[in-house]
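There are 2 protein chains.
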Amino acid sequence: MSTAEETAGGEVQPWAEVTPDAARRLLLAAVEAFAERGYHATTTRDIAGRAGMSPAALYIHYKTKEELLHRISRIGHEKALDILRTAARGEGSPTERLADAVSSFVRWHAGGRTTARVVQYELDSLGPEARAEIVGLRKQVNAEVRGIIEDGVRTGEFDVPDVHGTTLAVLSLCIDVARWFNVNGPRTPEEIGDLYADLVLRMVGAKDAGSRS
Amino acid sequence: MSTAEETAGGEVQPWAEVTPDAARRLLLAAVEAFAERGYHATTTRDIAGRAGMSPAALYIHYKTKEELLHRISRIGHEKALDILRTAARGEGSPTERLADAVSSFVRWHAGGRTTARVVQYELDSLGPEARAEIVGLRKQVNAEVRGIIEDGVRTGEFDVPDVHGTTLAVLSLCIDVARWFNVNGPRTPEEIGDLYADLVLRMVGAKDAGSRS
DNA sequence: GAGGTCGCTAAGCGCTCGCTCACCCTTGCC
DNA sequence: GGCAAGGGTGAGCGAGCGCTTAGCGACCTC
């Protein structure tokens with residue numbers, strides 16, 4: 381279940397759960413295409429071509445093009461939520477848990493940029509019922525981060541006048557990494573994760589911000 | 381030139397420079413449609429319909445659908461750059477200028493969310509030469525923010541180990557407001573602007589962060 | 001080796017897309 | 001009034017879209 385494979389590049393591949401091999405190849409091709417061009421600019425012929433199949437093969441494994449996006453979005457959000465939960469429910473202080481959560485969340489958005497892009501920016505391309513499901517997952521993501529911040533405020537480690545707004549800002553900062561991160565750029569996902577963990581600790585007024593490098 | 385009109389809602393309307401009246405109406409309709417559905421999911425029939433014209437009228441004023449996006453993107457980026465420049469070249473301390481820059485930049489992204497969404501998220505829908513032009517404008521935006529941060533580091537007001545990375549994070553934080561801001565939500569653009577200015581001052585280690593409410 | 005099933009393909013249907021073209025109505029100038 | 005110019009329309013072209021269907025070959029079962 382939680383045994384996700386990792387490549388040398390560090391990109392997590394949680395697609396092992398997509399079971400017929402052809403269905404997984406199609407889904408991977410769709411992730412690439414959606415991330416490059418966007419959902420609406422991607423054709424079913426393009427997806428099938430990338431997977432080395434004819435256009436009709438897509439409809440054996442998926443009912444519509446939108447079902448592909450829905451599957452990608454749900455699996456991606458579940459993975460993101462899993463990452464945050466692991467960090468949020470760890471054993472350290474709120475400061476340590478927030479730094480963990482931010483750095484791992486950012487690593488996922490940077491390292492798995494293609495997946496994260498689709499997951500975070502194609503929500504509006506889903507139909508109403510599929511979008512409602514994904515919005516529910518996002519609320520859980522939000523609640524995990526807010527929980528850590530509230531813990532830190534309770535213990536006195538953090539100084540946060542606006543918990544709700546700060547939660548929003550922290551998540552927004554992490555998510556937007558998927559928009560600008562460049563694999564061929566000067567920074568690794570790990571470096572961005574460390575930098576962002578430090579910046580977020582500063583945002584919440586953590587007392588040892590900056591001393592964790 | 382710089383006499384942009386403002387509505388009661390606070391949304392800046394810098395489209396006065398688009399001269400034939402019909403051309404401006406079409407451009408405004410396109411901004412709305414692109415922001416709602418995305419560039420690729422918007423049809424020329426939809427744009428013309430919103431402007432109260434027949435589909436063919438669009439091609440009297442614009443050569444292609446892409447030219448519409450290009451015009452919107454250029455005007456929007458120039459406005460954003462103008463806002464940042466005004467704040468960056470003000471008279472106060474780096475702390476005051478950074479707070480000004482962030483709060484006004486965020487107000488623009490929140491208040492003019494429809495425009496900002498198109499400007500910030502449809503870059504990849506442009507062709508190569510148009511995209512190159514816009515990327516140049518973005519570099520200037522980046523340079524303005526980096527300039528303020530470098531000033532603060534020089535005067536000792538800021539404590540920033542990684543100026544380049546922090547600049548990226550600050551801009552990213554502001555830009556992503558256009559993705560999640562909801563006009564019917566609980567916060568006004570002004571409130572978000574103030575909150576974000578405080579958060580950014582904390583990120584750069586400004587000495588009076590939080591004392592500016 | 002006959003028959004059923006499954007994964008896949010070639011061909012193409014119905015539709016909508018971006019865009020064009022022949023033509024019209026209003027306006028201003030002589 | 002004649003008439004050129006320019007903003008606008010209705011109809012429609014060629015192309016490409018998402019998706020369907022008839023059929024084919026490889027494989028399992030008996």
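Protein chains in written order, with my numbering: chain F, 381 to 593; chain W, 381 to 593.
A virtual CB, placed ideally from N, CA and C, is assigned to each residue, including glycine.
Quick caveat, the model's predicted, so the values are computed rather than measured.
Please state the DSSP three-state secondary structure of residue i.
i: H489(F); result: helix
i: T423(W); result: coil
i: N522(F); result: helix
i: R469(W); result: coil
i: E385(W); result: Residue placement at E385(W) cannot be trusted, given a pLDDT of 47 that sits under 50; what the coordinates show is reported in the next sentence. DSSP places E385(W) in strand when its eight states are reduced to three.
i: V533(W); result: helix
i: P599(W); result: Limits of chain W in this structure are 381 at one end and 593 at the other, which puts residue 599(W) out of reach.
i: G580(F); result: The question names Gly, yet the displayed sequence has Val at residue 580(F). Correct three-state label for V580(F): helix.
i: L464(W); result: helix
i: S434(W); result: coil
i: L506(F); result: coil
i: V398(W); result: coil
i: K587(F); result: coil
i: G573(F); result: helix
So which residues on chain W does residue i lean against when the C-beta distance must stay under 8 Å?
i: D542(F); result: L575
Around the C-beta of residue i, are 16 or more other C-beta atoms found within 10 angstroms, so that it is buried, or is it exposed?
i: K519(W); result: exposed
i: D578(F); result: buried
i: V550(F); result: buried
i: G470(F); result: exposed
i: P508(W); result: exposed
i: A436(W); result: exposed
i: P569(W); result: buried
i: A496(F); result: buried
i: S483(F); result: buried
i: A512(W); result: exposed
i: R534(W); result: exposed
i: T399(W); result: exposed
i: V486(F); result: buried
i: W395(W); result: buried
Which two residues bound the contiguous alpha helix (DSSP H) that contains residue i?
i: Y442(W); result: No alpha helix (DSSP H) contains Y442(W), which DSSP labels as neither H nor E.
i: W560(W); result: V557 to W560
i: R567(W); result: Looking at the DSSP string, R567(W) is not in any alpha helix (DSSP H), and its letter there is neither H nor E.
i: A403(F); result: D401 to R417
Mind listing the chain W neighbours of residue i? Cutoff is C-beta to C-beta under 7 Å, in chain order.
i: R582(F); result: R582, M583 and G585
Please compile the residues from chain F whose C-beta is within a distance smaller than 7 Å of the C-beta of residue i.
i: H420(W); result: G418, H420 and A421
Using beta-carbon positions only, say whether residue i and residue j come within less than 8 Å of one another.
i: I452(W); j: A410(W); result: yes
i: L449(W); j: I427(W); result: no
i: A479(F); j: L581(F); result: yes
i: G532(W); j: A490(W); result: no
i: H441(F); j: S505(F); result: no
i: V499(F); j: H457(F); result: yes
i: T547(F); j: I529(F); result: yes
i: E502(F); j: A468(F); result: no
i: D556(W); j: I555(F); result: yes
i: K445(W); j: T424(W); result: yes
i: F561(W); j: R477(W); result: no
i: L517(W); j: L553(F); result: no
i: V540(W); j: V584(W); result: yes
i: E537(F); j: T475(F); result: yes
i: G418(F); j: G418(W); result: yes
i: A413(F); j: R430(F); result: yes
i: A510(W); j: W488(W); result: no
In chain F, what lies closer than 8 Å to residue i by C-beta?
i: S552(W); result: L553, D556, V557, R559 and W560
i: A549(W); result: L553, L575, Y576 and L579
Give me the chain F residues within the contact set of residue i, using Cβ-Cβ distance strictly less than 9 Å, ordered along the chain.
i: T546(W); result: L575 and L579
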